[in-house]
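**Student:** Chains as they are written, first to last, in this note's numbering: chain A, 1 to 251; chain B, 1001 to 1319.
Yeah, the Cβ is synthetic: ideal placement off N, Cα and C, and Gly gets one too.
One structure coming up, written as structure tokens, with questions to follow.
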């Protein structure tokens, strides 16, 4: 079985966002592999381990810096990497570029994180599935093999409901946090990853972006709140409930 | 400008987001608003009375919300008319449908939008990025614009116009992908969904065990709130994952968020910072949550929450 994992490099969750002239100031950004993508990598490795003779590939589209995330995936155990060296302006361009490579590689399973934590959209995997005309399941929390060509997956939807979905291969699956526990990278793993093949590709013609960004803004900071302390608990709670009703008008 | 709204129905009920989308659509002063409603019961469209709507498509025959069938049916409606904008909810279904529509129709996609305006005849959306630490304004470069709206961002306003829309009944298109939803079952949580809840009470590591969450549920029951948890509480096994609010959990947007024993890590704030009013209850006055709180109580949550429940009961008695 051939398994492909799509990864993205994103700024660390602790990153402070600064703007210069309504543009993002990325000089302090420290990039890490998108946290949800680690669950996708782990699931790919689990599938590979369960199916003898399988091969796993990590694919990423972006600037050179995304190779760090690809090496991380290879340190966890992915066999090889394909880096599409291209700086996209919207998710459709990423999906298009990834799909071109996926058409050549023709994996049976494509995995990715259910969304990236930087732009917070979750578009790319679903768009890839549409371009390749294959099914997708997003926010996957459980995966059971029926046989070598079909799967039962579970995903969480609103109201705590679980959807149980049967799908045949090839398929795109967007990994959620409770799918598995990603393994740690070992030092030998990191050393081995350095020697694994990582091919750099320049994409062919990419369609123009469907979305344009106008400006960035920082959200308005809230004025300091009313904090009660040192009084009897009953009095403090009563005051706050009163304010919620009369001042904030939310109760 | 012609707008089509994908009005979501779940478990036989029209979602509130449909009326938010209608309110938003009307604020854009369009030529016409149509609605696509996937339901076996056309009576559901009564909820749209008072809004000025041209046509309601009621599509029946979708087994268990199967998305490729919904997608094919939606596409048929979209391509048979001339729409400038398709609006839908930023819900699990919306997140499945809209990226596929975008790739198929090559139409610009703006999702998780919190504001949408018409500027120089162009739709300009505002959406949060970096977990709400930054906002971006963006628009589509294509004639058709696809937009999904975050729940709870628009105050529903009915213009109370008379006149009734044309209702067209349709049967859903066929499935085109080897995928089938075989079952939908209740997970561990039975509360209103956090992402659409207007009132939320959340517990953190200080809850100390899963049994203690009982006091949050008691308070929540009085005011009809949902109950959430921080990652620390979920990772410690005090609450199931579907209750987690934060960067790797759910992004919530309620009118009132009460954080009990939650310190307010950057990951937690990422999931709830857009709450309209934040109340923090914590013993540690230096907890970062107090910097984001509109109201704070420096106290032991196990003393404060039962009082809160009693106060809520008094309040509800008055109404």
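At a cut of 8 angstroms, does the segment 1249-1264 of chain B reach the segment 1142-1159 of chain B through at least three beta carbon pairs?
**Tutor:** They touch, by the three-pair rule.
**Student:** Less than 6 angstroms between C-beta atoms, sequence neighbours within five positions excluded: which residues of the same chain meet that for residue 67 (chain A)?
**Tutor:** Cβ within range, chain order: 83.
**Student:** Among residues of its own chain, excluding the 5 on either side of residue 87 (chain A), which ones have a beta-carbon nearer than 7 angstroms to its beta-carbon?
**Tutor:** If we look at residue 87 (chain A) and ignore the five residues flanking it on each side, its Cβ neighbours are 62, 63.
**Student:** Determine the extent of the beta strand (DSSP E) in which residue 138 (chain A) is found, giving its start and end residues.
**Tutor:** Per DSSP, residue 138 (chain A) belongs to the beta strand (DSSP E) from 136-147.
**Student:** I'd like to check one pair, residue 1036 (chain B) with residue 1077 (chain B): are the Cβ atoms closer than 8 angstroms?
**Tutor:** The answer is yes: Cβ separation under 8 angstroms.
**Student:** Closer than 7 angstroms between beta carbons: that is the criterion. Which residues of the segment 165-185 of chain A meet it against chain B?
**Tutor:** Correct list: 165, 166, 167, 168, 177, 178.
**Student:** Count Cβ pairs between the segment 34-52 of chain A and the segment 173-181 of chain A that sit closer than 8 angstroms; are there 3 or more?
**Tutor:** As far as the Cβ criterion goes, the segment 34-52 of chain A touches the segment 173-181 of chain A, which means the pair count is three or higher.
**Student:** Residues in the same chain with beta-carbon distance under 7 angstroms from residue 1167 (chain B), minus the five sequence neighbours each way, listed in chain order, please.
**Tutor:** Result list for residue 1167 (chain B): 1042, 1045, 1056, 1058, in chain order.
**Student:** Drop a sphere of 10 angstroms on the beta-carbon of residue 205 (chain A), count the other beta-carbons inside from all chains shown, and report buried for 16 or more, exposed for fewer.
**Tutor:** The residue in question, residue 205 (chain A), is exposed, as its Cβ has fewer than 16 Cβ neighbours within 10 Å.
**Student:** Given residue 1208 (chain B), which residues of its chain have a CB within under 7 angstroms of its CB, disregarding the five upstream and five downstream residues?
**Tutor:** Contacts found: none.
**Student:** Should residue 1023 (chain B) and residue 1002 (chain B) be called a contact, given that it needs their Cβ atoms to be closer than 8 angstroms?
**Tutor:** In this structure, residue 1002 (chain B) does not lie closer than 8 angstroms to residue 1023 (chain B) by Cβ.
**Student:** Below 8 angstroms on the Cβ atoms is my guess for residue 31 (chain A) versus residue 60 (chain A); work out the distance and round it to an integer in Å.
**Tutor:** Actually they do not touch by this definition, with Cβ atoms about 12 angstroms apart.
**Student:** To the nearest angstrom, report how far apart residue 1014 (chain B) and residue 34 (chain A) are at their CA atoms.
**Tutor:** C-alpha separation (whole angstroms): 35 angstroms.
**Student:** With DSSP collapsed to three states, give me the class of residue 217 (chain A).
**Tutor:** Residue state, collapsed to three classes: strand.
**Student:** Keeping to the same chain, check which residues put their C-beta closer than 6 angstroms to that of residue 1161 (chain B); ignore five residues upstream and five downstream.
**Tutor:** Counting only Cβ-Cβ distances below 6 angstroms, and skipping sequence neighbours, we find 1052.
**Student:** CB-CB under 8 angstroms to residue 1097 (chain B), same chain, minus the five flanking residues each way: which ones, in chain order?
**Tutor:** 1006, 1067, 1070, 1071, 1074, 1088, listed in sequence order.
**Student:** Against residue 1135 (chain B), what residues of chain A qualify as contacts under a CB-to-CB distance less than 8 angstroms, listed in chain order?
**Tutor:** Those are 216, 217, 218, 219, listed as they occur along chain A.
**Student:** Could you tell me whether any Cβ in chain B is nearer than 8 angstroms to the Cβ of residue 135 (chain A)?
**Tutor:** Taking Cβ atoms only, chain B reaches closer than 8 angstroms to residue 135 (chain A), which makes this a yes.
**Student:** If we count the other Cβ atoms within 10 Å of its Cβ and call it buried at 16 or more, is residue 9 (chain A) buried or exposed?
**Tutor:** By the 10 Å Cβ count, residue 9 (chain A) comes out buried.
**Student:** If you drop the 5 nearest sequence neighbours on each side, which residues of the same chain put their C-beta closer than 6 angstroms to that of residue 12 (chain A)?
**Tutor:** Correct list, in chain order: 30, 32.
**Student:** Thinking C-alpha only, which one of B:1065, B:1019, B:1021, B:1033 is nearest residue 1040 (chain B)?
**Tutor:** With distances taken between Cα atoms, residue 1040 (chain B) lies closest to B:1065.
**Student:** Could you name the residues of the same chain whose beta carbon sits closer than 7 angstroms to that of residue 48 (chain A), not counting the 5 residues immediately before and after it, in chain order?
**Tutor:** Result list for residue 48 (chain A): 3, 54, 56, in chain order.
**Student:** Check distances from the C-beta atoms of the segment 1222-1236 of chain B to those of chain A and list, in chain order, the residues that come in under 8 angstroms.
**Tutor:** So the list reads 1223, given in the order they occur along the chain.
**Student:** Here's the rule: buried if 16 or more other CB atoms are within 10 angstroms of the residue's CB, otherwise exposed. What is residue 1290 (chain B)?
**Tutor:** By the 10 Å Cβ count, residue 1290 (chain B) comes out buried.
**Student:** Which of the three DSSP states, helix, strand or coil, is assigned to residue 150 (chain A)?
**Tutor:** The answer is strand: DSSP assigns residue 150 (chain A) an E or B state.
**Student:** Quick check on the burial criterion: 16 or more other C-beta atoms within 10 angstroms. Buried or exposed for residue 324 (chain A)?
**Tutor:** Only positions 1 to 251 of chain A appear in the structure, and residue 324 (chain A) is not among them; the question remains open.
**Student:** Consider the C-beta atom of residue 1218 (chain B) and the heavy atoms of the ligand GTP; say whether any pair is separated by less than 7 angstroms.
**Tutor:** Here there are no bound small molecules, and the ligand GTP is not part of this structure.
**Student:** Got a sec: is the Cβ-Cβ distance from residue 156 (chain A) to anything in chain B below 8 angstroms?
**Tutor:** Cβ-Cβ to chain B under 8 angstroms: yes for residue 156 (chain A).
**Student:** Does any CB atom of chain A fall closer than 8 angstroms to the CB of residue 1055 (chain B)?
**Tutor:** Chain A contact via Cβ: absent.
**Student:** Between the alpha carbons of residue 109 (chain A) and residue 170 (chain A), how many angstroms are there, rounded?
**Tutor:** Roughly 5 angstroms separates the two Cα atoms.
**Student:** Hey, would you say residue 1288 (chain B) sits closer than 8 angstroms to residue 139 (chain A), going by beta carbons?
**Tutor:** It is not a contact, given that the beta carbons lie outside the stated cut-off.
**Student:** Taking a Cβ distance cut-off of 9 angstroms, strictly less, list which residues of the segment 1285-1300 of chain B are near chain A, in chain order.
**Tutor:** Within the segment 1285-1300 of chain B, the residues whose Cβ lies closer than 9 angstroms to some Cβ of chain A are 1285, 1290, 1291, 1292, 1293, 1294, 1295, 1296, 1297, 1298, 1299, 1300, listed in chain order.
**Student:** Given this structure, state the Cα-to-Cα distance separating residue 99 (chain A) from residue 1247 (chain B), to the nearest angstrom.
**Tutor:** Looking at the two C-alpha atoms, the distance is approximately 28 angstroms.
**Student:** Would you list the one or two residues that DSSP bridges to residue 1127 (chain B)?
**Tutor:** Paired residues: B:1136.
**Student:** For residue 1131 (chain B) versus residue 117 (chain A), is the C-beta spacing smaller than 8 angstroms?
**Tutor:** In this structure, residue 117 (chain A) lies closer than 8 angstroms to residue 1131 (chain B) by Cβ.
**Student:** Would you report the Cα separation of residue 1224 (chain B) and residue 1199 (chain B), rounded to the nearest angstrom?
**Tutor:** Looking at the two C-alpha atoms, the distance is approximately 7 angstroms.
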